[in-house]
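S.K.:
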Amino acid sequence: MKKKLKPIITLSVIVLSSLSLSACTSSISSNAGLPSLVPEGTYFVTIKPKILPAKYLIKESRPYLLTPGDIIEITVFNNKDLQRKSIPIAPDGKLYYLLIDPIQAAGRTIEDVAKEVQDKLSHYLYYPQISIVANQLPSQKYTILGHVTKPGLYELKPGVNLLDAIASAGGITHTQLNENYPVDFDHAFIARKGENIIPVNFEKLLKEGDHSQNIYVEAGDFIYLPEITNSDIYILGQIDFPRTMHYKKGLTLIKALAGLTRINYAKNKPYTDSVIILHGSLSKPEITVVNVNNILEARSTDILLQPKDIIYIPEKSFDFDELIDIVTKAYITAFSTKTATYSFDSLKVMYGVNK
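Note that the working numbering numbers the sequence shown so that position 96 is 96, with each residue one more than the last.
1) Does the separation of the CB atoms of residue 205 and residue 214 fall below 7 Å?
2) Residues in its own chain within less than 6 Å of residue 125 by CB, not counting five upstream and five downstream?
3) Is the beta carbon of residue 110 less than 7 Å from the beta carbon of residue 74?
4) Taking C-alpha atoms, which residue in 138, 70, 82, 162 lies nearest to residue 57?
5) In terms of residues, what are the limits of the beta strand (DSSP E) holding residue 286?
6) Can you give, in chain order, each stretch of the alpha helix (DSSP H) that sits fully within the segment 181 to 246 and has at least 4 residues?
7) Per DSSP, what kind of secondary structure is residue 115 in: helix, strand or coil?
8) Below 8 Å, how does it come out for the segment 221 to 228 and the segment 238 to 246: are there three or more Cβ pairs, yes or no?
9) Give the secondary structure of residue 410 by DSSP, where H, G and I count as helix, E and B as strand, and everything else as coil.
10) Could you pull the start and end residues of the beta strand (DSSP E) that residue 87 belongs to?
11) Check residue 131 in the structure and name its three-state DSSP category.
12) Please name the residue in 301, 84, 100, 146 whose C-alpha comes closest to that of residue 135.
13) Please classify residue 316 as buried or exposed, where buried requires at least 16 neighbouring CB atoms within 10 angstroms.
14) Below 8 Å, can you find three or more Cβ-Cβ pairs linking the segment 94 to 101 to the segment 248 to 262?
15) What is the DSSP secondary structure of residue 347, reduced to helix, strand or coil?
16) In whole angstroms, give me the CA-to-CA distance for residue 127 and residue 113.
17) Report buried or exposed for residue 55, applying the criterion of at least 16 other Cβ atoms within 10 angstroms of its Cβ.
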């Protein structure tokens, strides 16, 4: 049976106004397992940073399969009249070329399609020699946002690594405030397949030149390099839409939640007795689970927030494994939402590929 995390905060357990948080909280390691009953009070769950697997440093060896929208160039040697520089793979996945019958191209390698084109042309030409190369591969793109000169959507070329991707985006944007390293390394990340954060240490990569962190980029990757001066609070989960709030000294959890227009009850009852506050870095996040109802009913004190905190209102109770998954998705949602909200004009390049 899965063990549920449903902590109860009481005034006798923790008094945040006069004592440091670390002195009053329980600490649970991701490798230690959970007790059958989580102790009362606000507590930290420290997720130990993952080691970057070596597989991310190996070039993708699988051949590329064509998809609708890809643009290819066909060359027939010694016959310039048959050359076509920009032939799209049609929405139905077929290649339409001259008078030969349509060829199913989507889901096949370029080499495989070239062989079939050559076979079909052999009915009209004597031993035709065919070459097909990819001109544009719209499905092969990655996104890089944040504190770079040219944020946007980029075409993925073979063998592109993280440093290549950052260089393609014009490099890090420097400021007078922090000329050398204006990036918030603690919150920089690369996400794969929409939700999986790869444990890259961006500080080692960019500041120390550690190439063991210079992984290869894949199609669909989302790279985010936040500005170090940003201190906004993020509110996610069961609310009408994700929010950002400028941090001010003395901002508390209840004050932050009071700014919401409504909590979304459409699908499930939000678990305000298990609201998650995410502190710290991606490499070593600290998670506080709070019973907001107890604060509202004056059974415990309000909690002071920290710059860059992420508040997450869950839609259901959760176990420890699910909590880690929530943390990952919350980081991606928070920082991508921040960028999309405040950098819309600079992201117009996302409607095309940067050259």
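Think of the CB as a built atom: it goes at the ideal place given N, C-alpha and C, for glycine as much as any other residue.
Treat the numbers as computed from the prediction; the structure is a model and nothing was measured.
M.R.: Reading off the structure:
1) To locate residue 205, count along the sequence shown from 1; it is residue 205. To locate residue 214, count along the sequence shown from 1; it is residue 214. It is a contact, given that the beta carbons lie within the stated cut-off.
2) As a working note, residue 125 is residue 125 in the sequence shown. Around residue 125: no qualifying Cβ.
3) Looking up residue 110 in the sequence shown gives position 110. Looking up residue 74 in the sequence shown gives position 74. Note that the C-beta distance between residue 110 and residue 74 is not below 7 Å.
4) As a position in the sequence shown, residue 57 is number 57, starting the count at 1. Minimum Cα distance to residue 57 is reached at 162.
5) Numbered from 1 along the sequence shown, position 286 holds the residue referred to as residue 286. Unbroken beta strand (DSSP E) run through residue 286: 285 to 290.
6) Secondary structure in the segment 181 to 246: the alpha helix (DSSP H) runs of 4 residues or longer, each lying completely within the stretch, are 202 to 207 in chain order.
7) Within the sequence shown, residue 115 is the residue found at index 115, counting from 1. Per DSSP, reduced to three states, the secondary structure at residue 115 is helical.
8) In this structure the segment 221 to 228 does not lie against the segment 238 to 246, because fewer than three pairs of beta carbons, one per stretch, are closer than 8 Å.
9) Here the chain comprises residues numbered 1 to 355, so residue 410 is not present and cannot be evaluated.
10) As a first step, residue 87 is located in the sequence shown; it is residue number 87 there, counting from the start. Where residue 87 is concerned, the enclosing beta strand (DSSP E) stretches over 84 to 88.
11) The sequence position of residue 131 within the sequence shown is 131, counting from 1. Look at residue 131 here: in three-state DSSP terms it is strand.
12) What you label residue 135 is simply residue 135 of the sequence shown in a count that begins at 1. Closest option to residue 135, Cα to Cα, is 84.
13) Your numbering for residue 316 matches position 316 in the sequence shown. Residue 316 is exposed by the Cβ-count criterion.
14) Contact fails: fewer than three Cβ-Cβ distances are below 8 Å.
15) By one-based count along the sequence shown, residue 347 stands at place 347. Interpretation of residue 347 is limited by its pLDDT of 36, a score under 50 that renders its predicted location unreliable; the figure taken from the coordinates is listed afterwards. Here residue 347 sits in helix by DSSP.
16) Within the sequence shown, residue 127 is the residue found at index 127, counting from 1. Within the sequence shown, residue 113 is the residue found at index 113, counting from 1. The straight-line gap from Cα to Cα measures roughly 17 Å.
17) On the sequence shown, residue 55 is found 55 positions in, with the first residue counted as 1. Exposed.
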